[in-house]
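Engineer:
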Amino acid sequence: MKINLPTEKMGEIVKSLEVKNQASTQFRGQDFHFRKERFSLESGIPSNLSAILASLDKKVEKIIQREAESDHFSFATIGRVREQKENLDSGKVVYIYFFSNDPFDTVFPEELVTPYQLHTWTKAV
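Heads up: the sequence shown begins at 74 in the numbering used here, then just goes up one per residue.
1) If we ignore side chains and look at the alpha-carbon of each, how far apart do E156 and H192 end up?
2) In angstroms, rounded to a whole number, what distance separates the CA positions of V186 and G152?
3) From P182, E184, Y170 and E183, pick the residue whose C-alpha is nearest to that of K196; which is it?
4) Going by C-alpha to C-alpha distance, which of V166, S120, S147 and Q95 sits closest to T179?
5) Please say whether V167 and M83 have beta carbons closer to each other than 8 Å?
6) What do you get for F107, buried or exposed, if any count of 16 or more other CB atoms within 10 angstroms of its CB means buried?
7) So K131 is in the alpha helix (DSSP H); what residue range does that whole segment cover?
8) Quick one: grab the DSSP three-state call for K109.
9) In chain order, what residues of the same chain have a beta carbon less than 7 Å from the beta carbon of D104, not counting five sequence neighbours either side?
10) According to the neighbour-count rule (16 or more other Cβ atoms, all chains shown, within 10 Å of its Cβ), is T150 buried or exposed?
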């Protein structure tokens, strides 16, 4: 996933993801959050990657919905890299997400991320 932030800010995000599996930043006055999830590579690269991703997506979705609800937001927009094959060796998936109370404000800014690279969805809280 290509995030268009200054190198220093991306370094802070990566470091936080390594330590705490989560990070946050602001872009044009809006908060964006990152979350890293892992999957097992004990038996090699999984053949059922789509099932693993679906399971991780549901898990992350529930966590993010609870976070949005506790912060009194109505919508959570979630994204992850669409093509995961290059990330298989790491056993990690990184999600980016943000909250909104406006149903028309549920799209990632193109200046921040390249939309065609992301699989995105919005959940009502």
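Note that the Cβ used here is the ideal one computed from N, Cα and C, for glycine as well.
In this text the structure is predicted, and so the values were computed from the model without any measurement.
Structural biologist: Inspection of the coordinates gives the following:
1) Answer to the nearest angstrom: the Cα atoms are 8 Å apart.
2) For V186 and G152, the distance between alpha carbons rounds to 10 Å.
3) Distance check between K196 and each of P182, E184, Y170 and E183 places Y170 closest, using alpha-carbon atoms only.
4) Ranking V166, S120, S147 and Q95 by Cα distance to T179 puts S147 first.
5) Here M83 is not near V167, since their CB atoms are 8 Å or more apart.
6) Buried.
7) Unbroken alpha helix (DSSP H) run through K131: L122 to S143.
8) The three-state secondary structure of K109, taken from DSSP, is strand.
9) Once the five neighbours on either side are set aside, the close Cβ partners of D104 are S97 and F171.
10) Result: buried.
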